[in-house]
Amino acid sequence: MNNSVSETKSINIFDLQELARSKKDVISMGLGDPDLATPANIVEAAKRVIDEGTTGPAPTRGLLELRQAIARKLARDNGITADPDTEILVTTGGQEALFLLIQGLIEPGDEVIVPDPRYTSYDAAIKLAGGNMVLVPTDEEHDFELDPDEVEARIGPKSKVLLLISPNNPTAGINSPDVVRRLAQLAIERDLIVISDEIYEKFLYQGAKQISIASLPGMRERTITLNGVSKSYAMTGWRIGYLVGPSEFIETVAAIKDMVNVQAPTVSQWAAVEALDGPQDSVEEMRQIYSERRDLLLAALDDMGFSYGTPHGALYIWANTASTGIPATQLSYLFLDKAGVLIFPGTGFGDTWGNYMRMTLLQPKEILTQAVERMRSALNDFRAEQEKPVADGER
Amino acid sequence: MNTNPLNRPNTVMGRALAERALRLAAMQKATFDTVTAGLIDLTQPALTPLPEHVLQAAKDALDRGETHYTSRPGVPELRRAIAARSTSEGFPATADTTVVTNGGAEAIYIALQAVLSAESTALVVEPVSPHVIEMITFIGAKIERISPSVGDRFVPSSSAIEQSRANALVISSPSLISGVEIPASDLERLIGAAVAQGMDVILDRSGVPCLYQPQGAPFNAELGANVITIGSFSAGYGLHGWRVGFFTAPGDRAAKLRGLKQAMSICTTAVSQFAALAALEGPTEWLAARREEFNARRAAVVEQLRSSSFSVVSPDAYPALLIDARSVHSNDRELTARLAREYGIAVEPGSRFGDSTQGFLRIDLGVESPVLRSGIERIAQVRAGGADE
Numbered sequence: 028m029n030n031s032v033s034e035t036k037s038i039n040i041f042d043l044q045e046l047a048r049s050k051k052d053v054i055s056m057g058l059g060d061p062d063l064a065t066p067a068n069i070v071e072a073a074k075r076v077i078d079e080g081t082t083g084p085a086p087t088r089g090l091l092e093l094r095q096a097i098a099r100k101l102a103r104d105n106g107i108t109a110d111p112d113t114e115i116l117v118t119t120g121g122q123e124a125l126f127l128l129i130q131g132l133i134e135p136g137d138e139v140i141v142p143d144p145r146y147t148s149y150d151a152a153i154k155l156a157g158g159n160m161v162l163v164p165t166d167e168e169h170d171f172e173l174d175p176d177e178v179e180a181r182i183g184p185k186s187k188v189l190l191l192i193s194p195n196n197p198t199a200g201i202n203s204p205d206v207v208r209r210l211a212q213l214a215i216e217r218d219l220i221v222i223s224d225e226i227y228e229k230f231l232y233q234g235a236k237q238i239s240i241a242s243l244p245g246m247r248e249r250t251i252t253l254n255g256v257s258k259s260y261a262m263t264g265w266r267i268g269y270l271v272g273p274s275e276f277i278e279t280v281a282a283i284k285d286m287v288n289v290q291a292p293t294v295s296q297w298a299a300v301e302a303l304d305g306p307q308d309s310v311e312e313m314r315q316i317y318s319e320r321r322d323l324l325l326a327a328l329d330d331m332g333f334s335y336g337t338p339h340g341a342l343y344i345w346a347n348t349a350s351t352g353i354p355a356t357q358l359s360y361l362f363l364d365k366a367g368v369l370i371f372p373g374t375g376f377g378d379t380w381g382n383y384m385r386m387t388l389l390q391p392k393e394i395l396t397q398a399v400e401r402m403r404s405a406l407n408d409f410r411a412e413q414e415k416p417v418a419d420g421e422r
Numbered sequence: 007m008n009t010n011p012l013n014r015p016n017t018v019m020g021r022a023l024a025e026r027a028l029r030l031a032a033m034q035k036a037t038f039d040t041v042t043a044g045l046i047d048l049t050q051p052a053l054t055p056l057p058e059h060v061l062q063a064a065k066d067a068l069d070r071g072e073t074h075y076t077s078r079p080g081v082p083e084l085r086r087a088i089a090a091r092s093t094s095e096g097f098p099a100t101a102d103t104t105v106v107t108n109g110g111a112e113a114i115y116i117a118l119q120a121v122l123s124a125e126s127t128a129l130v131v132e133p134v135s136p137h138v139i140e141m142i143t144f145i146g147a148k149i150e151r152i153s154p155s156v157g158d159r160f161v162p163s164s165s166a167i168e169q170s171r172a173n174a175l176v177i178s179s180p181s182l183i184s185g186v187e188i189p190a191s192d193l194e195r196l197i198g199a200a201v202a203q204g205m206d207v208i209l210d211r212s213g214v215p216c217l218y219q220p221q222g223a224p225f226n227a228e229l230g231a232n233v234i235t236i237g238s239f240s241a242g243y244g245l246h247g248w249r250v251g252f253f254t255a256p257g258d259r260a261a262k263l264r265g266l267k268q269a270m271s272i273c274t275t276a277v278s279q280f281a282a283l284a285a286l287e288g289p290t291e292w293l294a295a296r297r298e299e300f301n302a303r304r305a306a307v308v309e310q311l312r313s314s315s316f317s318v319v320s321p322d323a324y325p326a327l328l329i330d331a332r333s334v335h336s337n338d339r340e341l342t343a344r345l346a347r348e349y350g351i352a353v354e355p356g357s358r359f360g361d362s363t364q365g366f367l368r369i370d371l372g373v374e375s376p377v378l379r380s381g382i383e384r385i386a387q388v389r390a391g392g393a394d395e
């Protein structure tokens, strides 16, 4: 039978994951969950805490020891000075940090300027708070770097917050130091609050550099930095994130934290202390592993005729699938159904991104090689079917 | 920019804060906040060691590399175990309608967020945790309170529900505030009235593992199928800092609640879930011993109080104990302040939890026995010292 594109099933991310669970031998390049293990020193620290019995309640803002470790990290890595007593809030993962800060800032009708495509959990949080998103397109030609002129063109009387996610999920683009400086100037001139989501900061490739916007003059008072240990230390299951910002913001958002969740889990907090204060070699080792995987996948994409903006950071490749002629929602289904490879379509990161897919770097190289071979084969089979003459009686 | 009813800080960030967040922070400040430094603290439980099998399960999970995101609604084995227990108690659930949360508070917030909006009203049965009031206020819904009397052991009348036009009933049994369980027949009557009114029902059952006497016959399952139930591993199992709770939801509600959980925190801490699974499914002798320990403390404290002519609200579940202080002082907040100032002890005023418990003092029997004894001795001195009204 001659499959046509229109006969290929279209599918969303949730259904894709459900379907993947029902199939055997699926290679997942979908979720942003590092396959690498949490470094042993961190796991051992957690086990020591369990043995010592120091697993009881912790303050809503987080263990002081963890807030102090975060303050040291910020000074060391980001050039940000933060008072652990008043300017840091430990959260139950980066997702909760995102939820809390949006609920703490956004009133009905407020506008949040958001780079597009985007991590759509922000959509849900902004919608819940009654805010509106104003999307700023980014493009492949510029490696999905945010253009300050495009931001400025979208600032209006209701604009309150500028969201920066760098390195970006899903595009893997980063905002260069020059762009960050221009965005800072813009935020000051137009009186915007900046949310700087830096959860992927440790994973930069080929000498890419970025700076924390809160470290720039005049920005500390108007910036909330979001970060956590999930990605940098392969600790997604431990659920530790944090927010850094002016004391009045932290005090207010801590009230929301106290209400909805009381505190981040104590064992995980002690593990995070070890992550931030302990040896950092494992982070560089992970970065090198991801970098090699990235090179492998980019070569494969070149071979398959997919284009992309150069991924300068994060754990993803945002691949342009337009050359296949198949919408990404259908291509995702095809890859899962015929190749046993789970990849999320771009529409999971904004409705207009139907010609893109987000591929993760979160499988070993040999598995990625298999995945690429399967995808290539499935695509070739599909194209061959497309090119077959339609037999009489099948029309 | 917004009006400034709450003296928001005059800074860049202060001006940007959302009004409802500022109101929440102000509410929390206004709510009685026990200053416990330097006091004999009768409000915070001491940590009791967890059994070896729970700790080992946590360490084994770490050794297995259970350090990644779990299934979004929770580890399937844990969800199945929770659902099976809930079903056996008359609140039918499956692994698909059960979601593990980062503590019971998150479960309550998600449930409230799912059924309430700025246009709706919640009917709340006292005594109630201030956090629940904060949550409803933060969501923007209106609050109607039912204040059942202590004489009725906090069982409200059905008519209070039948006359309400609220969208949801929020009720706890056994209450972790009072320690009192609403008898099953009364609970069925109340929930039946709410369901008949078309209300969503959120029933906080976090106190069930804390019952001194195990529950009797299961709840009416046909009715129970309409209820969003909340549970926690904190008070009953002593897993306070591990942050594991859960909700079960009627099938037509489950997807929405699950989506909210994903939006709030993706999943619950992996190692904590495996500790909770061991607590729920492992040996139970430690739970019996835990119950006995609380029972012994309850008996000792009640005897000590009675000898000073204080009565208590007899609790069905630990760790709460409400002491009737109305004969000492008509205002429990003033009395609490006096106890802290003159007698060096920290207790909670009953009015913190609504009008139903005005005039009572709440203590936590999780406090170590010698501290409890010493604290109760000082409460007895207040009566000896006379009222100061």
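Residue numbers (my numbering), protein chains in the order written: chain A, 28 to 422; chain B, 7 to 395. Ideal placement from N, C-alpha and C gives every residue a C-beta, glycine not left out.
Beta carbon proximity, Gly131 (chain A) to chain B, threshold 8 Å: Chain B, which has a Cβ nearer than 8 Å to the Cβ of Gly131 (chain A), makes this yes.
For Trp345 (chain A), the first and last residue of its enclosing beta strand (DSSP E): Counting along the chain, the unbroken beta strand (DSSP E) around Trp345 (chain A) starts and ends at 343-347.
Cross-chain neighbours of Glu275 (chain A) in chain B, by beta carbon under 9 Å: Chain-ordered, the chain B residues with CB closer than 9 Å to the CB of Glu275 (chain A) read Arg14, Pro15, Thr17, Met19, Gly20, Leu23.
Beta strand (DSSP E) segments (min. 3 residues) lying fully within the segment 237-322 of chain A: Within the segment 237-322 of chain A, the complete beta strand (DSSP E) runs of at least 3 residues are 250-255, 268-271.
Local conformation of Met56 (chain A) per DSSP, three classes: The DSSP-derived three-state label of Met56 (chain A) is strand.
As assigned by DSSP and simplified to three states, the class of Met386 (chain A): DSSP, read as helix, strand or coil, puts Met386 (chain A) in strand.
Closer than 8 Å to chain B by CB, Glu45 (chain A): With 8 Å as the cut-off, Glu45 (chain A) does not count as an interface residue toward chain B.
Short-range partners of chain A found in the segment 324-339 of chain B, where Cβ spacing is below 8 Å: Result list empty, no residue passes.
Any 3 or more C-beta pairs closer than 8 Å across the segment 360-371 of chain A and the segment 217-231 of chain A: Per the Cβ contact rule, the segment 360-371 of chain A is not in contact with the segment 217-231 of chain A (fewer than 3 Cβ pairs under 8 Å).
Contact with chain B by Glu248 (chain A), beta-carbon distance below 8 Å: Yes, contact with chain B.
Contact check, Thr254 (chain B) vs Ala87 (chain B), beta carbons under 8 Å: Judged by their CB atoms, Thr254 (chain B) and Ala87 (chain B) are not nearer to each other than the 8 Å cut-off.
Contact with chain A by Lys148 (chain B), beta-carbon distance below 8 Å: No, no contact with chain A.
Cβ pair Glu114 (chain A), Ile277 (chain A) closer than 8 Å: In contact: Glu114 (chain A) and Ile277 (chain A) (Cβ atoms closer than 8 Å).
Ala22 (chain B) beta carbon less than 8 Å from that of Ile215 (chain A): Their beta carbons are not under 8 Å apart, which means Ile215 (chain A) does not touch Ala22 (chain B) by this criterion.
Own chain residues within Cβ distance below 7 Å of Ile382 (chain B), not counting five before or after: Apart from sequence neighbours up to five positions away, the residues of its chain that approach Ile382 (chain B) with a beta-carbon distance below 7 Å are Val307, Gln310, Leu311, ordered along the chain.
heavy atom of the ligand NAD below 7 Å from Thr118 (chain A) C-beta: Ligands displayed in this structure: none; no statement on the ligand NAD is therefore possible.
Residues near Ala405 (chain A) by beta carbon distance below 7 Å, same chain, minus five either side: Only Leu361, Phe362, Lys365, Ala366 meet the Cβ criterion.
Pairwise C-alpha distance: Leu378 (chain B) and Ala352 (chain B): Taking the straight line joining both Cα atoms gives about 11 Å.
Length of the line joining the Cα atoms of Glu248 (chain A) and Gly272 (chain A): Taking the straight line joining both Cα atoms gives about 7 Å.
Cβ neighbour criterion (16 or more within 10 Å) applied to Ala326 (chain A): Counting Cβ neighbours within 10 Å, Ala326 (chain A) comes out exposed, since fewer than 16 surround it.
CB contact check: Val134 (chain B) to chain A, cutoff 8 Å: Not one chain A Cβ lies under 8 Å of Val134 (chain B).
Cβ of Glu395 (chain B) within 8 Å of any chain A Cβ: With a pLDDT of 47 at Glu395 (chain B), under the threshold of 50, the modelled position of this residue cannot be trusted; read the value that follows with caution. Proximity of Glu395 (chain B) to chain A, defined by a Cβ-Cβ separation below 8 Å, is not satisfied.
C-alpha gap between Leu315 (chain B) and Ile329 (chain B), whole angstroms: Residue identity check: residue 315 (chain B) is Ser in the sequence provided, not Leu. Taking the straight line from one Cα to the other gives about 11 Å.
Cβ separation of Leu127 (chain A) and Leu358 (chain A), assumed to be a contact under 8 Å, to the nearest whole Å: The pair is not a contact, with the Cβ atoms about 36 Å apart (cut-off 8 Å).
Where Arg217 (chain A) falls: helix, strand or coil (DSSP): Three-state DSSP puts Arg217 (chain A) in coil, outside helix and strand.
Val76 (chain A) beta carbon less than 8 Å from that of Val294 (chain A): A contact, by the Cβ cut-off of 8 Å.
Proximity below 8 Å, CB of Glu123 (chain A) to CB of Met19 (chain B): No.
Run of the beta strand (DSSP E) containing Pro372 (chain A), from where it starts to where it stops: Where Pro372 (chain A) is concerned, the enclosing beta strand (DSSP E) stretches over 368-372.
Whole-number beta carbon distance between Ala241 (chain B) and Pro325 (chain B), since they are thought to touch under 8 Å: A Cβ-Cβ distance of about 6 Å is found for the pair Pro325 (chain B) and Ala241 (chain B), placing them in contact under the 8 Å criterion.
Residue from B:Ile142, B:Ser184, B:Thr143 with nearest C-alpha to Pro154 (chain B): Nearest Cα to Pro154 (chain B) within the set B:Ile142, B:Ser184, B:Thr143: B:Ser184.
Residues sharing a beta bridge with Glu150 (chain B), DSSP: Answer is B:Leu129, bridged to Glu150 (chain B).
Local Cβ density within 10 Å of Ser242 (chain A), reported as buried at 16 or more and exposed below that: Buried, since its Cβ has 16 or more Cβ neighbours within 10 Å.
Chain A contact for Lys65 (chain B) (CB, 8 Å cutoff): A Cβ of chain A is located within less than 8 Å of the beta carbon of Lys65 (chain B).
Endpoints, the beta strand (DSSP E) within which Ile133 (chain A) is located: Per DSSP, Ile133 (chain A) belongs to no beta strand (DSSP E) and is neither H nor E.
Stretch-stretch touch, CB-based, cutoff 8 Å, three pairs: the segment 231-239 of chain B with the segment 45-53 of chain B: Verdict: no, contact absent.
Residue-level contact to chain B via CB, Ser295 (chain A), 8 Å cutoff: Judged by the 8 Å Cβ criterion, Ser295 (chain A) is in contact with chain B.
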